[in-house]
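Chemist: Right, I'll just put the structure down here and ask away after.
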Amino acid sequence: MCSPAHFAVEYAINPWMDPATPVDPELAVKQWDGLRETLIGLGHEVHLLDPEPGLPDMVFAANGAVTVDGTAYGARFRHEQRSAEAAAHRSWYEARGWRFVAPVRTNEGEGDFAYLPEAHGGLLLAGYGFRTELPAHAEAQEALGRPVVSLHLVDPRFYHLDVALAALDDANVVYFPGAFSVASQRVLAQLFPDAVLAADEDALAFGLNLVSDGRHVVLASEATRLAGTLRAAGYQPVPVELAELRKGGGSVKCCVAELRP
Ligand code: ARG
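All the letters of the sequence shown, read from the start, carry residue numbers 36 to 296 under our numbering.
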């Protein structure tokens, strides 16, 4: 995770961002601290990346890489406003002994990649259409040695895979079908016949931008309907308040890069 010490909405690179809407920087830090404490309270270890002035979106740490079995496949951001974040993530991994694969292709890390270690022997789901470019999916497959399934995102409000789909445990997902092309919806239905399906209301509340440890599902407090659906499916929803960061177009998952050593 990376503190929102320098968080701001100074430019608009997704439909949620409006530089005219004021952001309360202290509240952003307080809410982010609440998320960090929630994860620690659930028994998770949280490592920090130092925030840098002039990189207001750095709090969205999930975009810096995707990791599998000690290898980090780095990011290459679509927008130049964020491009300098990639080097900070790279240094973090390299300083800690990870094998780091630098990308040639544009991709935004876990924003567009989800890893399911027990689904079909272990596979990566990968989004394209807005940020990550399709050839990055093949690059990730070579870097990480797992099959990558490409999914076409078609609604600009759901510009990253992680605002439309999330891993609930090692083998199952929750997603909003309407964010995907009809063909990609069919692919998801074939791969995950037991998936939990979310409604547009859940996705618009950023509910799918969640982090799950297989039991506890940490998600935006506004996503009350999805919390009920997940409870009925046997998971334990853990709501957190992240309204300030939502002004940047992100929620829980965007703030958390999961480490798979
Ligand atoms: N403002 C950021 C952007 O548009 C938000 C990133 C959200 N991160 C995510 N993993 N979906 O790039």
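Positions of the beta carbon are idealized from the N, C-alpha and C atoms, including for glycine.
Would you report the Cα separation of Gly-105 and Leu-158, rounded to the nearest angstrom?
Modeler: Answer to the nearest angstrom: the Cα atoms are 16 Å apart.
Chemist: State the Cα-Cα distance for the pair Arg-181 and Val-103, rounded to the nearest angstrom.
Modeler: Cα to Cα, the separation comes out at about 9 Å.
Chemist: Who pairs with Pro-272 in a beta bridge, going by DSSP?
Modeler: According to DSSP, which records beta bridges pairwise, Pro-272 is partnered with Val-252.
Chemist: In whole angstroms, give me the CA-to-CA distance for Lys-288 and Glu-115.
Modeler: Roughly 22 Å separates the two Cα atoms.
Chemist: Taking the C-alpha atoms as reference points, what is the distance between Ala-123 and His-82?
Modeler: About 14 Å.
Chemist: Would you report the Cα separation of Asp-59 and Leu-196, rounded to the nearest angstrom?
Modeler: C-alpha separation (whole angstroms): 27 Å.
Chemist: I'd like the span of the alpha helix (DSSP H) that includes Thr-106, first residue to last.
Modeler: No alpha helix (DSSP H) holds Thr-106; the beta strand (DSSP E) holding it covers 106-109.
Chemist: Does at least one heavy atom of ligand 1 sit under 8 Å from the Cβ of Asn-142?
Modeler: Result no, Cβ not under 8 Å from ligand 1.
Chemist: In the DSSP assignment, what are the bridge partners of Cys-37?
Modeler: Answer by DSSP bridge pairing, in chain order: Leu-84.
Chemist: I'd like to confirm the pairing. Which residues does DSSP put opposite Phe-165 in its beta bridges?
Modeler: Beta-bridge pairing links Phe-165 to no other residue.
Chemist: How about Ala-154 and Phe-95: do their beta carbons lie closer than 9 Å?
Modeler: Not a contact, by the Cβ cut-off of 9 Å.
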